[in-house]
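Structure record follows, encoded as structure tokens.
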Amino acid sequence: MTDHHTDAAGLYARHRAVLPEWLSLLYDRPIELTHGEGRHVWDSDGNRYLDFFGGILTTMTAHALPEVTKAVAEQAGRIIHTSTLYLSRPMVELAERIAALSGIPDARVFFTTSGTEANDAALLLSTAYRRSNQILAMRNSYHGRSFSAVGITGNQSWSPTSLSPLQTLWVHGGVRSRGPFAHLSDAQYIEACVADLEDVLQQTSGGVAALIAEPVQGVGGFTAPPDGLYAAFREVLAERGILWISDEVQTGWGRTGDHFWGWQAHAASGPPDLLTFAKGIGNGMSIGGVVARAEVMNCLSANSISTFGGSPVTMAAGLANLTHLLEHDLQGNARRVGGLLIERLRAVCAGLDVVREVRGRGLMIGIELVDPGTDEPSPRAAAAVTEAARERGLLIGKGGLNGAALRIAPPLSLTVAEAEEGADLLADALQEAQKRLAGAAIG
Ligand code: PMP
1 MTDHHTDAAG LYARHRAVLP EWLSLLYDRP IELTHGEGRH VWDSDGNRYL DFFGGILTTM
61 TAHALPEVTK AVAEQAGRII HTSTLYLSRP MVELAERIAA LSGIPDARVF FTTSGTEAND
121 AALLLSTAYR RSNQILAMRN SYHGRSFSAV GITGNQSWSP TSLSPLQTLW VHGGVRSRGP
181 FAHLSDAQYI EACVADLEDV LQQTSGGVAA LIAEPVQGVG GFTAPPDGLY AAFREVLAER
241 GILWISDEVQ TGWGRTGDHF WGWQAHAASG PPDLLTFAKG IGNGMSIGGV VARAEVMNCL
301 SANSISTFGG SPVTMAAGLA NLTHLLEHDL QGNARRVGGL LIERLRAVCA GLDVVREVRG
361 RGLMIGIELV DPGTDEPSPR AAAAVTEAAR ERGLLIGKGG LNGAALRIAP PLSLTVAEAE
421 EGADLLADAL QEAQKRLAGA AIG
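Those letters in the sequence shown? Residues 1 to 443, per our numbering, in order.
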């Protein structure tokens, strides 16, 4: 493949001159994606890539899905006018479908334009409903970039200083592959995390509003607690009237294969009180939102409005995308093809010193990397593999507690042949990176 980066290099210089430094870019020489089709994208230098990240899970079904393109064009051709002051047929229709799918009884849906704003709305609702500014959040979590969302984001490398007046209490349960709980069985781990939660609650004065958690930590490196952890948490919370907010921004819409929502792996105590969503539902169009029981959703004491939340063009995209997802059973595809991909990745990684663990559910797969010969998390290895994969025509993501995990989350329509091709490309990239790291250590 070509590797000139002439156009992209100029754009990168302009990007750096005008956009914030903290807006992180992937790759030493960032790429500009110009078009996509199915599971593939092309950059401005004409390189074609197999897309195993979907712009952080935003391309949920496929790139340039014809039904979505058509729905957007038709709606844009009719009317783009937006604001919640007027009735909107696409907004009501998508809200009805999401309410029915959510599992939450007597559900109401509020649309936003991002996951951050969805979590902000969930914070506004739960703190108002409970008359408390205390929020329980998970260590290593990510919930967004706003003033309040960074205050409940446990992964400190994504949590700039915020003077948010929320009082956040940090709970164990996100990552156990390292640290004091690493040696425990699933049942012992759940017990230890519940004891930790009870301990935190005992030390608080007054009522706590809510616990917010990602069923599988996304930015955190696709780490999932054992099934049932949140059900066990729920019992402790419910006794005290504390709400459970499930942040489904990455785990929703069948991505985890076995379940439509991540919370369903913890279903024993029923659905969450609030569920937030975003990313994939619009297949790239900006849709986020919060679902809550009517009693919680309607607790605000004044009127509100959203100018862009639920805009007709994005809702049309969401309806077409959701219809495609359900009609083609892409959740089932995520389970089947994701299962094969995880197996294949485990096989190709088995002999590699740089890989500590391949983990995942459905098409949400994380690979934890270490410096060969040690057990230390290796952000350098993750960076080297990501670069080597790009050079071979494969886009993947990075993340994790120390930035040492690879993140794989292709569009849910991934075929078996593409899964195999991607696994082979990644195996090659891992070997190359391992060699480069060994060379760097010697040199
Ligand atoms: N919650 C989770 C779990 C996320 O992964 C993200 C985005 N990475 C957000 C919230 C924030 O979403 P957005 O970037 O759309 O604001």
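Idealized CB from N, CA, C, for every residue including glycine.
Buried versus exposed call for residue i [16 or more other C-beta atoms within 10 Å across all chains shown]
| i | result |
| --- | --- |
| His183 | exposed |
| Leu19 | exposed |
| His35 | exposed |
| Asp3 | No answer about Asp3 holds up, because its pLDDT of 47 lies below 50 and its placement is not dependable. |
| Thr161 | exposed |
| Leu300 | exposed |
| Thr127 | buried |
| Ala433 | buried |
| Lys398 | buried |
| Ile104 | buried |
| Tyr129 | buried |
| Val355 | buried |
| Val358 | buried |
| Asn303 | exposed |
| Pro215 | buried |
| Lys435 | exposed |
| His5 | Model confidence at His5 stands at a pLDDT of 48, short of 50, so the residue's coordinates are unreliable and nothing is read from them. |
| Gln134 | buried |
| Asp28 | exposed |
| Met1 | Confidence is the limiting factor: at Met1 the pLDDT is only 49, short of 50, which leaves the residue's position unreliable and the question unanswerable from this model. |
| Ser531 | What the structure shows of the chain is the stretch from 1 to 443, and residue 531 is not part of that stretch, so it cannot be assessed. |
| Ile305 | exposed |
| Arg89 | exposed |
| Thr223 | buried |
| Thr415 | exposed |
| Glu198 | exposed |
Residue i - partner residues in DSSP beta bridges
| i | result |
| --- | --- |
| Phe308 | Note: Phe308 sits in no beta bridge, so no partner. |
| Val92 | Paired residue(s): none; Val92 is not in a bridge. |
| Asp247 | Thr276 |
| Met364 | Arg361 |
| Asn283 | Met285 |
| Glu37 | His40 |
| Ala62 | Beta-bridge pairing links Ala62 to no other residue. |
| Thr112 | Gly288 |
| Asp51 | Leu395 |
| Leu211 | Leu136, Trp244 |
| Arg344 | Paired residue(s): none; Arg344 is not in a bridge. |
Closer than 8 Å: residue i CB and nearest ligand 1 heavy atom
| i | result |
| --- | --- |
| Gln250 | yes |
| Tyr445 | Residue 445 falls outside the range modelled here, since the chain spans only 1 to 443, and no answer is possible. |
| His172 | no |
| Arg511 | With the chain covering 1 to 443 only, the question about residue 511 has no answer from this structure. |
| Val219 | yes |
| Asn321 | no |
| Ser246 | no |
| Ser114 | yes |
| Asn119 | yes |
| Gly228 | no |
| Glu432 | no |
| Lys279 | yes |
| Gly310 | no |
| Gly288 | yes |
| Ala409 | no |
| Ala317 | no |
| Thr223 | no |
| Tyr27 | no |
| Thr276 | yes |
| Tyr522 | Lying outside 1 to 443, the shown extent of the chain, residue 522 is not represented and no answer is given. |
Contact test: residue i Cβ vs ligand 3 heavy atom, cutoff 8 Å
| i | result |
| --- | --- |
| Ile56 | Within the structure as shown, ligand 3 is missing, the only ligands being ligand 1. |
With a cut-off of 8 Å, do at least 3 Cβ pairs link the segment 328–347 to the segment 377–386?
-> Verdict: no, contact absent.
Given 8 Å as the limit, is there contact between the segment 78–97 and the segment 311–327, that is, 3 or more CB pairs closer than that?
-> Pairwise C-beta distances place the segment 78–97 in contact with the segment 311–327, as three or more of them are shorter than 8 Å.
Decide if the segment 320–336 is in contact with the segment 58–69; the criterion is three or more beta carbon pairs, one per stretch, under 8 Å apart.
-> Yes: the two stretches touch, three or more of their Cβ pairs being nearer than 8 Å.
Okay, do the segment 205–213 and the segment 182–196 touch, 3+ Cβ pairs below 8 Å being the bar?
-> With a cut-off of 8 Å on Cβ pairs, the segment 205–213 is not in contact with the segment 182–196, counting fewer than three such pairs.
Which ranges would you report for the alpha helix (DSSP H) in the segment 223–270 if only whole runs of at least 4 residues count?
-> Runs found: 229–239.
Please list the segments of the alpha helix (DSSP H) lying wholly inside the segment 122–203, counting only runs of 4 or more residues, in order along the chain.
-> Taking only runs of at least 4 residues, the alpha helix (DSSP H) segments lying wholly in the segment 122–203 are 186–202.
Spell out a yes or no on whether the segment 406–426 and the segment 37–46 are touching, meaning 3 or more CB-CB pairs, one atom from each, closer than 8 Å.
-> A contact exists between the segment 406–426 and the segment 37–46.
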